[in-house]
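Asker:
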Amino acid sequence: MPSRRKMYRILFYVGQWTWGMPVNLVGGLGWLYGRARGFHQERFLLARVTYLPTRLSGGLSIGMFLFVPDRYRAQETAGWDRSHMVHEYGHTFQALILGILYWPLIGLPSMLWYALPRNARFRARRGLSYYWLYTESWANRLGTCVTGWKAPM
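Add 7 to a position in the sequence shown, counting from 1, and you land on the number used in our numbering.
#1: Per the contact definition of three or more C-beta pairs closer than 8 Å, is the stretch 115–122 in contact with the stretch 50–60?
#2: How far does the alpha helix (DSSP H) with S10 in it extend, from its first residue to its last?
#3: By Cβ distance below 7 Å, which residues in the same chain neighbour W24 in space, the five residues on each side in sequence not counted?
#4: What does a CB cutoff of less than 7 Å around I69 pick up in its chain, not counting 5 residues either side in sequence?
#5: Please state the DSSP three-state secondary structure of F74.
#6: According to the neighbour-count rule (16 or more other Cβ atoms, all chains shown, within 10 Å of its Cβ), is A54 buried or exposed?
#7: Of all the options M71, F72, S90, which has the alpha carbon lying nearest to the alpha carbon of Y79?
#8: Is E49 near V75, with beta carbons less than 8 Å apart?
#9: Please work out which residues of its chain come closer than 6 Å, Cβ to Cβ, to I107, disregarding the five sequence neighbours upstream and downstream, and give them in chain order.
#10: What three-state label does DSSP hand A54 in the structure shown?
#11: When you compare only the Cα positions, how much space is there between L67 and M14?
#12: I think G155 touches L103, with their Cβ atoms under 8 Å apart; what is that distance to the nearest whole Å?
#13: Go ahead and pull the three-state DSSP assignment for L67.
#14: Mind checking which residues open and close the alpha helix (DSSP H) that includes G41?
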């Protein structure tokens, strides 16, 4: 009988590549592109991480594939607390739960919340954290729950 940890891994990948397949196909293509370009890649628990040479402040989760700024890697080796990776890992589980519904329910609202200057002004005016939006707060809760580590506030 497989160990509990091994069963968890098996169920995670079966879920990601069945129910979550449409999202993971897109993420997998991004991962392959990063590999072809020689970007640093590694595992973060059960997810695959590609570190991008960018000045953007945030990451992007596409299923079990995480795309984050290269400076996250430098910060992690300097004793960084991993909170942003925990947050992105939470998005991985949102994709696992929602499957194809991830795009309209999480992906699009999250990208608009991050990218639109109007939303940045709204957050500043109201004194709201980026993680106030349901997509981001849920990712934090899921990431914290499955890793046991703190997510950003």
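All C-beta atoms, glycine included, are put in the ideal place defined by N, C-alpha and C. These numbers were taken from a predicted model, which means no experiment stands behind them.
Answerer: Taking the coordinates as given:
#1: no
#2: Taken as a continuous stretch (DSSP letters only), S10 belongs to no alpha helix (DSSP H), as it is neither H nor E.
#3: N31
#4: V30, V33, G34, G37
#5: strand
#6: A54 is buried by the Cβ-count criterion.
#7: Of the residues M71, F72, S90, the one whose Cα lies closest to the Cα of Y79 is S90.
#8: no
#9: P29
#10: In this structure, DSSP gives A54 an extended state, which the three-state scheme calls strand.
#11: Cα to Cα, L67 sits roughly 27 Å from M14.
#12: So it is not a contact: roughly 18 Å between Cβ atoms.
#13: strand
#14: 28–44
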